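Each remark here refers to the structure printed beneath this line.
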Amino acid sequence: MGSSGARVGEALPVAAGRATIVQRIREHDTVILVGETGSGKTTQVPQFLFDAGILDAHRKTMIGITQPRRVAATSLARRVASEMGCADPATLAPKHTSEKPEHVGYAVRFDDRTNRNTRIKFLTDGMLIREILGPIELPSASEPNKLRGKGALLKRYGILIIDEAHERSLRTDLVLGLVREIQRERRRRVDAGEPGALPLKVVIMSATIDAERFARFFATEQAPDVPILYVAGRQHAVRLFHTEASCEDWTDAAVRAVMQIHVTKPLGDVLVFATGQEEIESLAQSLQLFASQLDAWADAEGRTDVPGLLVRPLYAALGPAASAAVFAPTPAHTRKVVLATNIAETSITIPGVRYVVDSGLVKEKVFSPQTGVETLQVLPISQSSSVQRAGRAGREAPGECYRLYTKEAYGTLAKAPVPEIHRTELSGAALQLYALGLDPFTFGWLDPPDSALLQEAALHLAELGAIHGEAAGGGGKVVRLTPLGRQLALLPIVPSYARLLVAAAEQGPVVARQARDLVSVLSADRGVFVEPHDAERREAAERARDVFVDASGDHATLLNALYGYLAARAHAHGAHAGGGASAGARHELRMWCQTHGVHERTMRNVLAIRKQLMRICQQHGLKCDDEARGGAAARDVPRVDDDEDADTDVLIVTRGGGGAGTSAGTAGTEDYTALLQCLGQGRLSNTALRQPDGTFRRIAGGLSFKLHPSCTLHPARHGARGTSAASVQAIVFEELVLTTQAFARTVSKIEPAWLQALVNTRATSS
Ligand code: CDP
Ligand code: MG
């Protein structure tokens, strides 16, 4: 990063404010810090505070920095570690001691890279909420698994930095409310002279001006003045271009814009704001094609000045290594094009960007309390996002921004984005509050959600059996967390998946194992099957995975794929046993994935989640495994050196007669009936019945929809399967996607008779 001797961050705007920042944090419990994206807030402020020695050395307190996004938490932690000359947190092991200091770590769901030496800890908001709920890792099996709740008071933290507060993610909002309570409680204890009590310093960092609001929220009677510090930005002029007419297909327009920039504009990297992973992958494909034809084109045109083109995607599901590629300096005579989701809007700054191409769109979750369904929708961004995105082109020098929308369209955009708390499903957040003994209806929210949203959440939790209303004095009702609710709150997965695990555990070890594996697959960042964009390759991919298809639909099909993969892996490791043969095994497995249309990196991610889930279930006394491969045997097998894949899962799959079979990927030997029955438990909102016109409608009412073409049960496939559309009367689905029409994805067939029981629970809980 072009530093020579001087500290890396010294040239960043925030460096000028160093002394003031440190001093204010010494003097006040809360400080608000506002600064332009890229000014160095996230990477420098933790280092300032660490160097200033504000932490309690004796008790080894930490600085925590929360992030709304996983990729940001991991990549920023790695950046700070490298600036400080510390060990790379991505390689940090619980006990391993590196040659370098291990001060910097990160913790994201299913991946904890911290150890006792960690003093600067990047974590997602969700992980901080888990820590507030109480330790997931219990010190010993003898200690009963009880919620410590607020008792934990985040005592390991001396300073907590809540970053990207302007983004107003639901979890950030929840963190703000909870941290305020904890901070006040710790202050009370300090003032009461309690031995060992320490105040909790809180720094709220934000890229846009919402500062007064945060300041008011954290002000107390004793400390009414919460200082707001502004970091002077360094923003160069950005020339804006709009399209003349609105474009039909923004991805086409984006490709054309990048091509034009590439062949007509001086060197400088391009940042494209796209909507999501699928669109990014398809854009990447088009641009790769363009890049591969560049030389021939330049020859034909007689141009000698056309640089090379490097395409780099950036989205949440990319692992740390792939996202690190985005930051690598662009080679000489080359232009880098980064295709990003709105993660690059404020949380991650990519150096070298001079051109921005803005789709004007963002993919967001939208929940409607009327229908009780959360959908993923592509929506126009707000004006403030639009300005932020353009600003990314002017970080280092004057730049240009190509908006793929008209000037008039810009005028119609909302001023600011709608905070997530007003448009999302709240049952997870509500459950966490109930588990802490707090009432979501009266909780101290920065910005209270609509009561209809909270009511829907409470209804859903009641349906799951997580809470229970009891008559109280004066004709009122008090809501109590049930023991089941407590159990669900402790599992780091959405309440309905947690409910599935609990329901499955009651059905015996086989169903429990299936449920654990299904939740692992569904919790992965992306689907386990490759989904090529062009029709021909997509068809080939569909044929390739045909061996996994189960007549009941997608859930069982996904499990068959997982079991097929595990069998193939066991086979590969068996065939290449001994010494340094793991390269051969890896190759065999890669070939297997290719021929079966399976996304290998995702499968590895699924296995990592599965292992964590197994540990978590064991800690919570929740059965999730077949007898033959009980937890102990699975856990205590030593890892094979230098092959991160060769772990215990190889053993776990060698069950006789399971779906894994010996010929890799033979489906159909496993019975999933009981699993599918459990899948519906407490999830009336995710079940639907077929209508006479062939569409589906949720039992709980609302819009009608079709099956997404990717569904195993899609009518187009019945011929090949020897099934019929009419045989699919009732379904359970994982999500609704709203494009021009509504589609359900990840769908399985269930017996209409099973639904009666669900309807009855809904009736009694409301
Ligand atoms: O938090 P804020 O937006 O104020 O800035 P930051 O994330 O601390 O980034 C400060 C600078 O570090 C930016 O110029 C980034 O481009 C750079 N950076 C980098 O080069 N590589 C990373 N992995 C992270 C940040
Ligand atoms: Mg930042």
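In the numbering used here, the protein residues as written are 110 to 875.
Virtual Cβ for every residue (Gly too), placed ideally from N, Cα, C.
Just so we're clear, the structure is a prediction, and the values are computed from it rather than from any experiment.
* Asked: Of all the options 418, 477, 643 and 705, which has the alpha carbon lying nearest to the alpha carbon of residue 563?
  -> 477
* To do: Pick helix, strand or coil for residue 219, following the three-state DSSP scheme.
  => coil
* **Proximity test, residue 460 beta-carbon vs the ligand CDP heavy atom, cut-off 6 Å** => Result yes, Cβ under 6 Å from the ligand CDP.
* Asked: Do you know offhand how far residue 236's Cα is from residue 411's?
  -> 56 Å
* Rounded distance between the beta-carbons of residue 283 and residue 238, thought under 8 Å -> 6 Å
* Among residues of its own chain, excluding the 5 on either side of residue 709, which ones have a beta-carbon nearer than 8 Å to its beta-carbon? -> 698, 699 and 702
* **Assigned secondary structure, residue 467 (DSSP; H/G/I helix, E/B strand, else coil)** => strand
* Asked: From which residue to which residue does the alpha helix (DSSP H) around residue 199 run?
  -> Run containing residue 199: none; DSSP gives neither H nor E here.
* Between the Cα of residue 213 and those of 196, 221 and 219, spot the shortest distance and give me the residue it belongs to. => The shortest Cα separation from residue 213 among 196, 221 and 219 belongs to 196.
* Asked: residue 126: beta carbon under 6 Å from a heavy atom of the ligand CDP?
  -> no
* Asked: Which residue comes first and which comes last in the beta strand (DSSP E) that contains residue 494?
  -> Run containing residue 494: none in the beta strand (DSSP E); it sits in the alpha helix (DSSP H), 492-500.
* Please name the residue, chosen from 718, 645, 470 and 368, that lies closest to residue 635 on a Cα-to-Cα basis. => 718
* Asked: In the structure shown, what three-state DSSP assignment does residue 374 receive?
  -> Here DSSP, grouped into helix, strand and coil, assigns residue 374 to coil.
* To do: Might you give, ordered along the chain, the residues of its own chain that have their beta carbon closer than 6 Å to the beta carbon of residue 348, omitting 5 neighbours on each side?
  => 509
* Asked: Within 10 angstroms of its Cβ, does residue 345 collect 16 or more other Cβ (buried), or is it exposed?
  -> Here residue 345 is exposed: its Cβ has fewer than 16 other Cβ atoms, across all protein chains shown, within 10 Å.
* **Which residues DSSP lists as bridging residue 175, in chain order** => Bridge partners of residue 175: 232 and 271.
* Can you pull every residue whose C-beta falls closer than 6 Å to some heavy atom of the ligand MG, listed in chain order? -> 150, 151, 272 and 456
* Where residue 745 falls, given that 16 or more other Cβ within 10 Å makes a residue buried -> A caution first: residue 745 carries a pLDDT of 33, below 50, which makes its placement in the model too unreliable to give a value.
* To do: Count the C-beta pairs between the segment 401-408 and the segment 530-542 that are closer than 8 Å, then say yes if the count reaches three, no if not.
  => no
* Residue(s) in a DSSP beta bridge with residue 484 -> Residue 484 is bridged by DSSP to 475 and 845.
* To do: May I ask you to report which of helix, strand or coil DSSP gives residue 532?
  => coil
* What's the gap between the Cα of residue 137 and the Cα of residue 335? -> Those two C-alpha atoms are separated by around 7 Å.
* **Those residues which DSSP pairs with residue 418 across a bridge** => 444
* To do: Please name the residue in 402, 139, 579 and 517 whose C-alpha comes closest to that of residue 268.
  => 139
* To do: Could you name the residues that DSSP lists as bridge partners for residue 706?
  => Paired residue(s): none; residue 706 is not in a bridge.
* Assuming residue 486 and residue 455 make a contact with CB atoms under 8 Å, what is their CB distance in whole Å? -> Incorrect: roughly 21 Å between the Cβ atoms, too far for contact.
* the ligand NAP heavy atom lying under 6 Å from the CB of residue 188 -> Among the ligands present in this structure, namely the ligand CDP and the ligand MG, the ligand NAP is not found.
* To do: Under 6 Å Cβ to Cβ from residue 861, same chain only, skipping five residues before and after it: list those, please.
  => 838 and 839
* **Integer Cβ distance of residue 419 from residue 435, believed to fall under 8 Å** => Rounded, the Cβ-Cβ distance is 10 Å, inconsistent with contact.
* Of the residues 142, 853, 520 and 604, the one placed nearest residue 321, counting alpha carbons only -> 142
* Measure from the alpha carbon of residue 340 to the alpha carbon of each residue in 781, 154 and 572, then state which is nearest. => 154
* Roughly how many angstroms lie between the CA atoms of residue 814 and residue 803, to the nearest whole one? -> 9 Å
* Check whether the Cβ atoms of residue 356 and residue 362 lie closer than 7 Å to each other. => yes
* Would you report the Cα separation of residue 369 and residue 449, rounded to the nearest angstrom? -> 19 Å
* Asked: Roughly how many angstroms lie between the CA atoms of residue 258 and residue 545, to the nearest whole one?
  -> With a pLDDT of only 47 at residue 258, under 50, the local geometry of the prediction cannot be trusted, and no value is derived from it.
* Along the chain, where does the alpha helix (DSSP H) that runs through residue 787 open and close? -> 782-788
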